[in-house]
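Heads up, the thing below is written out as C-alpha cells.
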Amino acid sequence: MTTFVDFLRDRFEVDGFTTEDALASFLPLAREVLDAHAAGMAAPLDGLDELRVEGVRIWFEEAKRLEVRRASSDLQRIERAGRAAVEIVSETRITTELDDGAEKVVDLAIGDPDETPTRPVYLPGYRCWDHCLGVHDPLTDVFALGMILASLACGLDFFDKEQLEEFVAHRKNLFALNPGLHPVIARVIVRMTQLNRRDRAQDLASLVKTLESYRDQEVDFEFDLAHSSQFAKGSKRDRQTVILAKLRERLFEISRRNKLLHFRPTMQSVNLTHASVPLSFDIQNIRPDQILVWNDSLQREVTGGKPISLNKYLNFSEVLYLPSQLERLIAEARRDQSEFGFAQLRLVICFLHWANLKEKPVEQYDSPLVLLPVQLRKKKGIRDTYYLDVVSTEAEINPVIRHQFKQLYDIALPESIDLATSSLDDLFELLSRKIAASESAVNLTKIDRPRIALIHEKARRKLDQYRRRARLAGRGVRKYLDLDYSYDPANYHPLGIKLFGAKVRPAQTHLREIIEEKPRPRTFATAEPDPPVAEKERQFYALQSGGEANPYDWTFDLCSVTLANFKYRRMSLVRDYEALLGDGLTNPAFEATFSLAPRPIDNQPLDARALADRFDVVPCDPTQARAIAEAELGKSFIIQGPPGTG
C-alpha cells in the first residue's frame, strides 16, 4: 500500500495510464465518495494526503470522512459577481518590458495557493478554490475528483504549476494533451472541472455510470470534431469533408440493438424459409424444392416483373402465427409510407455470418447483407392470398455492413447489385477475393442448399413458442401454476386434463429424429430404409447452426430468406452525405454553422423604417418593426423574447 502521490509519479515514470488503467484506479475512489455523500458526509479530498493505493485501486479510510461545510459569505460574494450581465470566460495579464520589448503572459485562471481567492481559479496541488473559503461539500468533491481523473487520463502532475497551466490552456480540447483520449472521458473531465459551481456537474452518481459504460455513451459533436486533427489545420474543403464524414458516421448505430448489424428473429419479422417447412412431414420426405430459398428459380420470379404468390411456398395450415405476422408487416409498411413518404419493408435474400476479429473477445454477428425493396399485399378471398411485389430489381448492400467492413478491414463493398444483370454468385466471388486478400485465415462458405434438419428444428421451436403464448380465453377461465382451465359448460377445459397433458403425457416431436443416429420403429409396418440412402440423407441434412462457432469461418447464407421492416430513415441520410462528399457542394448556412471564426456581434439595432416606407399587413410594435428592417439586409439572426411573444 502506497500513497497516491507516489503511485502517480511511479506510473508517470514508466508508461502512464491507458483509459482502462485510469478508470480502474479512479472508479473505486468515486464510488467511495458516493457512499460518503449518501451518509451526509464529505470526502477527504482537500489535497491528496488522505488517499491510499492498494494494487491499482485508490481509496481512503472511512474514518477520514469530513463534515459538510456549507457556503460562506466570501463564496456568496464571488457567486453574486459571477451572475453579472456578462460572463467572463478567461482572464489574462500581459506584462511588457519596455527596455527589451519582452512580454510575459499570465493566465489569471491559475491562482496562488497561499492567498485567499477573490474569484474562481485553479490551484496547484489538486485543491479546489472553494476549499480556501472554508467550503467543503459534494460539489467541491466533484471538482477534486475531476482533477484526479484529468491527471490520470492526461498524464499530468498538478503539483507542477507548468503542467497545471498546460491543462488549463487545453482543458476544452484535451485531445491536444492525449490524442488517444476517449471523447466521453474528455467530456466528463470538462464537466467536473468547471470553476463556476453552477456550471459544474451536480450528479456524481450519473457521472460514475457514464464512466462505467463509456463505450456505449453518445459523444457530443464538438468533442468528436476536436478529436480530428484535420479539422483545425485543413483547408475549407478539408474541414467540410471532415464534418460531413463525422455527421455520416454518427448515423450508424453500432450496437446489438441495430437489426441491420445484429439480426434476431422476432414477431416483427417473418423468416419465409422457416415458414415454408412442411412440419407434418417426416424429415426424410421433405424435398428441397418445397422450401423458399434464394436460387435461380426465385431470381427469375423476382426479375420477371410479376407478383410472387407466397401461398405457393408458405404452409398457412401449420404455421399458425404466419397470418398475424404478415398483417403486422403490412400495417407497419403502410404507416411508414404515410408518415415518412417511403416504406421500410425489405426482403433479405442473403445473410452474412461474420465476426469482428479486432474485438477481444471476438464478437460474432448474423447480419442481413442483401436487401431487396418489396411491397407486401393481401388479396382477400375464400382463402386469402399474400403477394410480394418487387419494387426494383436493384438490391442494396446493407449500408451498416459496408461501413463496418470499410472501417474495420478496409474492404469496399458495392452499394447495390442489379439482379436483372448479375447474381449473388458474383457478389460472393468478389467478397471471397477481398476477404482472402485481407486475411487468408478467414474462410467464406456459401450455403446454397437448404439445411432441412436445422430449419425444421427452428420452425418447430417457433411454432411451439407461439402455441405456449396462445392462452385459453373465454368465460370462467382460471389459472393454476402456468395452466389455464375452465369448468364453464360453454368453455369446458378441466384442470385434470390440463395437468395430465402438461406433466404426464410426453409431447410428440419429430426433433428426436434429427438428433438420434437411428430412427425409432414405427407403430405400423414399414420397410427398413436403405442404409446407403439413409447415410446420404444424414450427410446432406447435417444439423448445423446459422453461423459457425469458429470466428474465422464465415458463411454467405442464401437459405434464410426473411421479410422485415428495418429502420431505414437514417440510411437515406447516409446516401445524402455520400452524395455531398462526392459532389463537393458548398452552402453558406453550412459554412456559418461550422465556422471556427467568431460570429460578428452588433449591439446597435437598426432603426425602424419610416411609416411611409412600411407596408405592414397587420399592426406591429417598434421591436417587430426593427426586426423587419434587420431582415431586409439579408442577414441571419435570432429574435429572443419572453415566451408567448412569437
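For the sequence shown, the numbering used here assigns the number 2 to the initial residue and increments by one for each residue that follows.
All C-beta atoms in this analysis are idealised placements derived from N, C-alpha and C, irrespective of residue type, glycine included.
Because the structure is a prediction, the values reported are computed rather than measured.
Please look up how many angstroms separate the CB atoms of residue 18 and residue 158, rounded, as I've assumed it's under 8 Å. That belief does not hold up - the Cβ atoms of residue 18 and residue 158 are roughly 12 Å apart, past 8 Å.
Taking 8 Å as the threshold (C-beta atoms), are residue 43 and residue 71 in contact? No, Cβ-Cβ distance for residue 71 and residue 43 is not below 8 Å.
Where does residue 9 land, buried or exposed, given buried means 16+ other C-beta within 10 angstroms? The residue in question, residue 9, is buried, as its Cβ has 16 or more Cβ neighbours within 10 Å.
Run the CB neighbour count on residue 584, radius 10 Å, all protein chains shown included, and call it buried at 16 or more, exposed below. The residue in question, residue 584, is exposed, as its Cβ has fewer than 16 Cβ neighbours within 10 Å.
I think residue 160 touches residue 126, with their Cβ atoms under 8 Å apart; what is that distance to the nearest whole Å? Sure, about 6 Å apart at Cβ, within 8 Å.
What do you reckon, are the CB atoms on residue 412 and residue 447 nearer than 8 Å? A distance of 8 Å or more separates the beta carbons of residue 412 and residue 447.
Starting from the Cα of residue 152, find the closest Cα among 374, 190, 630, 504 and give me that residue. For residue 152, the closest alpha carbon among the candidates 374, 190, 630, 504 is that of 190.
Could you tell me the boundaries of the alpha helix (DSSP H) in which residue 301 lies? Under the DSSP assignment, residue 301 falls in the alpha helix (DSSP H) whose first and last residues are 297-304.
Do you know whose CA, among 259, 295, 202, lies nearest residue 273's CA? For the residues 259, 295, 202, the minimum Cα distance to residue 273 belongs to 295.
Which one of 128, 79, 28 has the shortest CA to CA distance from residue 210? For residue 210, the closest alpha carbon among the candidates 128, 79, 28 is that of 28.
Pull up the DSSP beta-bridge partners for residue 271, would you. DSSP lists 564 as partners of residue 271.
Under three-state DSSP, which class holds residue 637? Note: residue 637 maps to coil in three-state DSSP.
Return the CA-CA distance between residue 363 and residue 69, expressed in angstroms with no decimal places. Counting only the Cα atoms, residue 69 lies some 48 Å from residue 363.
Can you find the residues in the same chain that come closer than 7 Å, C-beta to C-beta, to residue 628, ignoring five residues on each side of it along the sequence? So the list reads 640, once near-sequence residues are dropped.
Put residue 2 into one of helix, strand or coil per three-state DSSP. Residue state, collapsed to three classes: coil.
How many Å lie between residue 484 and residue 499 at the Cα? One C-alpha to the other measures close to 7 Å.
Short of 6 Å in beta carbon distance, which residues of its chain neighbour residue 4, apart from the five on each side in sequence? Order them along the chain. Within its own chain, no residue has a Cβ closer than 6 Å to the Cβ of residue 4 once the five positions on either side in sequence are excluded.
Applying the 10 Å Cβ sphere with the 16-neighbour rule, what's the burial state of residue 502? Counting of Cβ neighbours within 10 angstroms places residue 502 among the exposed residues, the total staying below 16.
Let's test the definition: count the other Cβ atoms within 10 Å of the Cβ of residue 95 and tell me whether it reaches 16, buried, or not, exposed. Answer is exposed; the Cβ neighbour count stays below 16.
Judging by CA-CA distance, which residue of 354, 310, 37, 430 is the nearest neighbour of residue 556? For the residues 354, 310, 37, 430, the minimum Cα distance to residue 556 belongs to 354.
With a floor of 3 residues, list each beta strand (DSSP E) that falls wholly inside the segment 302-333, ordered by position along the chain. None, since the segment 302-333 contains no complete beta strand (DSSP E) of that length.
Test item: CB-CB of residue 2 and residue 58 under 8 Å: At the C-beta level, residue 2 and residue 58 stay beyond 8 Å of one another.
Check the C-beta distance from residue 371 over to residue 309 and give it rounded, since I have them as a contact under 8 Å. Not confirmed; about 17 Å, so no contact.
Starting from residue 191, follow the alpha helix (DSSP H) in both directions and report where the run begins and ends. Here the alpha helix (DSSP H) through residue 191 covers 184-193.
Using alpha carbons as the reference points, say which of 106, 107, 131 lies closest to residue 118. Selected option, being the one with the closest Cα: 131.
Buried or exposed for residue 112, please, with buried defined as at least 16 other CB atoms from any protein chain shown within 10 angstroms of its CB. Buried is the label assigned to residue 112, since at least 16 other Cβ atoms lie within 10 Å of its Cβ.
In whole angstroms, give me the CA-to-CA distance for residue 391 and residue 365. Those two C-alpha atoms are separated by around 31 Å.
Looking only at DSSP bridge pairs, what is residue 369 linked to? Its beta-bridge partners are 352.
State the start and end residues of the unbroken alpha helix (DSSP H) segment that holds residue 410. Taken as a continuous stretch (DSSP letters only), the alpha helix (DSSP H) holding residue 410 covers 400-410.
To the nearest angstrom, how far is it from the Cα of residue 535 to the Cα of residue 386? A caution first: residue 535 carries a pLDDT of 35, below 50, which makes its placement in the model unreliable, though a value can still be read off. Roughly 37 Å separates the two Cα atoms.
Give a yes or no on whether the C-beta atoms belonging to residue 179 and residue 155 are separated by under 8 Å. Contact: yes.
Leaving out five residues before and five after residue 145 in sequence, what residues of the same chain have Cβ atoms less than 8 Å from its Cβ? Cβ neighbours of residue 145 beyond the five flanking positions: 44, 46, 47, 127, 128, 129.
With distance defined between alpha-carbon atoms, name the residue in 567, 617, 396 nearest to residue 261. It is 567 whose Cα lies nearest to the Cα of residue 261.
How about residue 20 and residue 183: are their beta carbons less than 8 Å apart? It is a contact, given that the beta carbons lie within the stated cut-off.
Once DSSP output is grouped into helix, strand and coil, what is the label at residue 494? If DSSP states are grouped into helix, strand and coil, residue 494 belongs with the strands.
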